[in-house]
Amino acid sequence: MGRVIYLDHASTTPVDPEVLEIMRPWFTEEFGNPSTVYSLGLASAQAVQQARESIAETIGAEPEEICFTSGGTEADNWALLGTADACQKKGRHLITSAIEHHAVLETVEHLEKRGYEVTRLPVDGGGLVDPDEVRRAIRPDTILVSIMHANNEIGTIEPIAEIGKVTREAGVPFHTDAVQSAGKLPLDVNELGVDMLSMSAHKFYGPKGIGLMYLRKRTRITPLLHGGGQEKGFRAGTHNVPGIVGMAKALELATNRMADDAVREAALRDRLWDGLSANIDAIHLNGDMVSRLPGNLNLRVDGIEGESMILMLDMDGICVSSGSACTTGSLEPSHVLLALGIPQEHAHGSLRITLGRSTTAEDIDLFIKVFPPIVTRLREMSPIWCANCVCKQRN
Amino acid sequence: MYSELVMEHFRNPRNMGVIEDADGVGEVGNPQCGDMMRLTIKVKDDILEDIKFQTLGCGAAVATSSMVTEMAKGKRLDEALEISNRAVAEALGGLPPAKMHCSNLAADGLQAAIKDYRSRQAAK
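Listed below in structure tokens is the structure:
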């Protein structure tokens, strides 16, 4: 087996060498705690502040509106739990969508058990939330709307700016999970009209274990972590200085090359879909082809199951994912695909292929070459395929 | 995640396919759950002379299907009926906990095929 062809960039990405280089001294020589007063600590504090300013500028925020977290999951949990706690006197109703990441969906389930009410908005066949549905769902006791910027499985980009207008008119705080879009789409918190936004560095060639929440001034929220008073008391815990420095660099690099990467990845993605759809019968695209992240392809193949495709591709050194990596080991088909109206038996046969900086045209052509025989073999093995294909031929 | 033996059976499944003039057919599972197995058997003098499977499902489902055919082939029917789902999983060197339920297809499919064979015989 030759080199690994990594096509799972929505799961995680490798750290950019330039990012790693800039992080390195903050582990060793410059190890001071930014909360101390001597000069070793001061250097760390300055590095954190510089990172904060750089990130804030990139997303159109004020530096004090950036709160560093351990990643996207913490930021999502905090937005929901912290708002629910701070605003419970106003009301106990939250609005989200049916296709959010589990970091949001399991958190709202937790809130439901504690007496909060949650509206999960449906999506259309491509995965889009209708801003008018958001408007209709808002009640006097609604304390938060949380809709993701781009979906982690199907790459659908939600109309966040339009939803932001709706929430602003209604005076309801608005959170967006931008974990998949950060570094891939231009983000401006004012254009989007959001009060809170989560992101995670390892999705854009930064390190794992660091993320942030943009928290608009005067947003009502209580902290999740209590302790040393960091982040103005909003998020306690010693700053992950190398992570913070690395995330800022990673976001800067991703922003600089964003337009070029988007064009290149979308072209490769389309080449992949054209090649696969021309060579495989009964293969379908999941999600919206227009409002979609450039590097995302999510497809389903009738008559076969996702994990077996992944294992077969792995034998050719190709890493892809089925639905969300977080659901591996669970038996339920992806909640995202079900929300699109895809029947359970078909949802099981889905594959998520996410391209990135390392992806080349040769990788794509190899995928187009090795995948059709895998489908043929798995269909030979499948007890449900023949009935299907006879049906399809007759139609 | 899977043992080398599970992967070996997944890569090279034994007895994959359909016996066209089968004496018994067992179908278990359900495509909605993402796994389904069809087992066809050929019986001679109360012995499982041939056995073939088709499986829709994950790596564990395919490997346990393959393993159960290997364990059952050449056995007397009453011996074959004693193969348990657990025995199939153990023969594969174990399965990840989340995948244990997949092994239920294998022995259940075998039992369903033998049951089908016996009811066909009784109807004759």
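Protein sequences, first through last, are from chains W and G.
Take 826 as the starting number for the first sequence in the numbering used here and just add one per residue.
Take 251 as the starting number for the second sequence in the numbering used here and just add one per residue.
All residues carry an ideal CB built from backbone N, CA and C; glycine is no exception.
Given a threshold of 16 other Cβ atoms within 10 Å of its Cβ, counted over all protein chains shown, does M287/G qualify as buried or as exposed? buried
Give the residues of chain W in contact with M287/G, contact being defined as C-beta atoms less than 8 angstroms apart. Residues of chain W with a Cβ closer than 8 angstroms to the Cβ of M287/G are, in chain order, P1208.
Using only the alpha-carbon positions, how far apart do R336/G and E854/W sit? 55 angstroms
Beta-carbon proximity list for G1018/W, same chain, < 8 angstroms, skipping 5 on both sides: I985, A986, I988, G989, K990, T992, R993, F999
Residue from H974/W, I979/W, I982/W whose Cα sits closest to the Cα of T1001/W: Closest in C-alpha terms to T1001/W, from the list H974/W, I979/W, I982/W, comes H974/W.
Buried or exposed: E1170/W, going by 16 or more other Cβ atoms within 10 Å of its Cβ? Under a 10 Å Cβ-count criterion, E1170/W is classified as buried, with 16 or more other Cβ atoms of the shown protein chains found around its own Cβ.
Got a sec: is the Cβ-Cβ distance from S1133/W to anything in chain G below 9 angstroms? Answer yes: the Cβ-Cβ gap between S1133/W and chain G drops below 9 angstroms somewhere.
Residue range of the alpha helix (DSSP H) that includes I985/W: Residues 985–995.
Touching or not, the region 1022–1030 of chain W and the region 862–878 of chain W, by the rule of three or more beta carbon pairs under 8 angstroms? no
Using a threshold of 9 angstroms, state whether the C-beta atoms of V1161/W and I924/W are closer than that. yes
For Q371/G, tell me which candidate among V268/G, D295/G, L360/G has the shortest Cα-Cα distance. D295/G
List the residues that DSSP assigns as beta-bridge partners of S1025/W. In the DSSP assignment, S1025/W forms a beta bridge with G1036/W.
Beta bridge counterpart(s) of F999/W as assigned by DSSP: V970/W
Which residue spans inside the region 1073–1148 of chain W form an unbroken beta strand (DSSP E) run of at least 3? 1108–1110, 1121–1126
Could you check if H259/G is buried or exposed, using at least 16 other CB atoms within 10 Å of its CB as the buried criterion? buried
Which residue comes first and which comes last in the beta strand (DSSP E) that contains H1160/W? Note, H1160/W: premise wrong, no beta strand (DSSP E); alpha helix (DSSP H) at 1160–1164.
Quick one: residues in its chain with C-beta nearer than 7 angstroms to the C-beta of T1152/W, no 5 flanking neighbours on either side, listed in chain order? With a pLDDT of only 43 at T1152/W, under 50, the local geometry of the prediction cannot be trusted, and the value read off the model is given with reservation. Result list for T1152/W: S1159, in chain order.
In angstroms with no decimal places, state the Cα-to-Cα distance between W903/W and G1054/W. 16 angstroms
Span of the beta strand (DSSP E), counted from its first residue to its last, around T944/W: 942–946
Residue environment, T290/G, which counts as buried when at least 16 other CB atoms sit within 10 Å: buried
Take the Cβ of F852/W as the centre, count every other Cβ of all protein chains shown within 10 Å, and call the residue buried at 16 or more, exposed below. exposed
Could you compute how far the alpha carbon of D1188/W sits from the alpha carbon of Y831/W? Their backbone Cα atoms lie some 9 angstroms apart in a straight line.
Flag this pair as touching only if the region 902–918 of chain W and the region 1072–1088 of chain W have three or more C-beta atom pairs under 8 angstroms; answer yes or no. no
Per-residue contacts from T305/G into chain W (C-beta, under 8 angstroms): M1206, S1207, P1208
Rounding to the nearest angstrom, what Cα-Cα distance links C352/G and G276/G in this structure? 16 angstroms
Are the CB atoms of L1049/W and T883/W nearer to each other than 9 angstroms? Cβ atoms of L1049/W and T883/W: not closer than 9 angstroms.
DSSP beta-bridge partners for D285/G? DSSP, once it has assigned bridges, lists N280/G as partnering D285/G.
Residue interval of the alpha helix (DSSP H) (run including S315/G): 309–322
Just checking P888/W against the ligand NAP - is the residue's beta carbon closer than 8 angstroms to any of the ligand's heavy atoms? Here there are no bound small molecules, and the ligand NAP is not part of this structure.
Out of A872/W, K1033/W, T1184/W, H1051/W, state which residue places its alpha-carbon closest to the alpha-carbon of A1061/W. H1051/W
Identify whether C1211/W lies in helix, strand or coil by the three-state DSSP scheme. DSSP places C1211/W within a helical segment (H, G or I) once states are collapsed to three.
Closest Cβ-Cβ distance between M257/G and chain W: below 9 angstroms? yes
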